[in-house]
Amino acid sequence: MADKAVRAVHMGDALMVAGIVVALASTLGWAGTLWRADTWDSPLLWLDAAALVLAVALFAAGFVVRRRALRRGRLTPASFLGPEEERAVVEAIKRFERCTSGEIRVHLHGGRVSDVLAAARAAFGRLGMTATRERNGVLFFVATAQRRFAVLGDAGIDAKVPDGFWTEIVRGVETAFARGDFAGGLAQGVEAAGEALASFFPRRDDDVNELPDEISRG
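Set out below in C-alpha cells:
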C-alpha cells in the first residue's frame with residue numbers, strides 16, 4: 033500500500049510539472065503569435081488557448097491525485113496515525129516517563145526532507161526540547177511522506193550514553209514501519225527508549241512533566 037501511494041504521489045507530481053511546462057509553453061507561444069501577427073484572429077492563438085486549458089487540467093488532476101494518495105497512503109501528519117493509534121502512542125509516552133526523568137516527544141513532519149537528521153535537529157530546537165532540567169529530552173521524528181525516521185537525544189543524554197545507544201531502537205521502529213505498523217513501531221520504540229534511559233536518568237521524587245505528551249505535527 034505504501035509503495036502504491038508513493039508511486040501515486042510521484043504521478044501527481046509529474047502531472048503538475050507537466051501542467052506547468054505546458055502552461056509556460058502556451059504562454060510563450062501566445063506572446064510570440066501576437067508579436068508576429070499583431071492580431072487576435074490568428075488560429076495559432078486558439079491552439080495556444082487550448083494548450084493553456086490542457087495545462088490547467090493537467091495541474092488540477094495532478095493536485096487531486098497527489099492529495100488523495102497522501103491521504104489514503106497515510107503519508108501526511110494528519111493521516112499517519114488513526115485516533116486509536118495516536119492514543120496508543122501517547123500512552124507509550126506516559127509509560128516512558130514513569131521509567132525515567134527523561135522527557136520524550138513524537139513529532140510528525142509533513143513535506144519531503146533531503147536529510148532526516150538535519151530536519152530532526154531543526155525540529156528539536158523549534159519544539160523547545162532543550163528546555164529540560166537535565167537536558168535529557170528525546171525526540172522521535174517522522175517524515176511521514178517518506179516513511180523516514182530519526183531519534184535524537186539532548187546534550188545531557190549524549191554525555192552519558194554509549195555510542196550506538198539509539199541504533200537498536202531505530203532499527204526496531206524502522207522494521208515495524210516496513211510492515212505498515214506505524215503506531216506499534218513508535219510505541220515500541222518509545223517504551224524501549226524509556227527502559228534504556230532508566231539506568232542513566234532514573235525517575236526523581238520531584239519529577240515533573242516538562243514537555244507535552246501530545247504528538248506534535250508540522
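In terms of the numbering used here, the sequence shown opens at residue 33 and continues consecutively. By construction, the Cβ of each residue, glycine as well, lies at the ideal position given by its N, Cα and C atoms.
C-beta neighbour in chain C for residue i, strict 8 Å
{"i": "Glu123", "result": "Chain labels in this structure do not include chain C; a single protein chain is all it has."}
Distance, residue j Cα to residue i Cα
{"i": "Glu118", "j": "Gly216", "result": "10 Å"}
{"i": "Pro109", "j": "Trp198", "result": "23 Å"}
{"i": "Gly169", "j": "Thr59", "result": "53 Å"}
{"i": "Met33", "j": "Phe209", "result": "Reliability of the predicted coordinates at Met33 is poor, the pLDDT of 48 falling under 50, and no value is obtained from them."}
{"i": "Ala230", "j": "Gly134", "result": "8 Å"}
{"i": "Val121", "j": "Ala154", "result": "23 Å"}
{"i": "Leu107", "j": "Gly94", "result": "16 Å"}
{"i": "Thr164", "j": "Val205", "result": "25 Å"}
{"i": "Ala87", "j": "Thr162", "result": "48 Å"}
Paired residues, beta bridge with residue i - DSSP
{"i": "Val174", "result": "Leu140 and Phe181"}
{"i": "Glu16", "result": "There is no way to answer for residue 16, as the model of the chain reaches only from 33 to 250."}
{"i": "Pro234", "result": "Thr132"}
For residue i, the nearest candidate out of the options (CA to CA)
{"i": "Glu246", "options": "Ile125, Asp238 and Asp190", "result": "Ile125"}
{"i": "Gly160", "options": "Arg180, Val148, Thr176 and Gly185", "result": "Gly185"}
{"i": "Ser111", "options": "Gly94, Val174 and Ala93", "result": "Val174"}
{"i": "Thr176", "options": "Val121, Leu47 and Phe214", "result": "Phe214"}
{"i": "Val183", "options": "Lys192, Thr207, Ala93 and His139", "result": "His139"}
{"i": "Val20", "options": "Trp78, Pro234, Arg144 and Val202", "result": "Outside the shown range of the chain (33 to 250) lies residue 20, about which nothing can therefore be said."}
{"i": "Glu116", "options": "Asp239, Phe128, Arg100 and Ala219", "result": "Ala219"}
Local Cβ density within 10 Å of residue i, reported as buried at 16 or more and exposed below that
{"i": "His42", "result": "exposed"}
{"i": "Arg98", "result": "buried"}
{"i": "Asp80", "result": "buried"}
{"i": "Ala152", "result": "buried"}
{"i": "Gly212", "result": "exposed"}
{"i": "Leu149", "result": "exposed"}
DSSP three-state assignment for residue i, whether helix, strand or coil
{"i": "Ser248", "result": "strand"}
{"i": "Gly169", "result": "strand"}
{"i": "Pro194", "result": "coil"}
{"i": "Pro109", "result": "coil"}
{"i": "Thr59", "result": "helix"}
{"i": "Arg211", "result": "coil"}
{"i": "Glu29", "result": "Residue 29 cannot be examined here, being either before or after the span of the chain that is shown, 33 to 250."}
{"i": "Val97", "result": "helix"}
{"i": "Leu164", "result": "Looking at the sequence itself, residue 164 is Thr, so the reference to Leu does not match. Thr164 falls in the coil class under three-state DSSP."}
{"i": "Gly114", "result": "coil"}
{"i": "Leu243", "result": "coil"}
{"i": "Val145", "result": "coil"}
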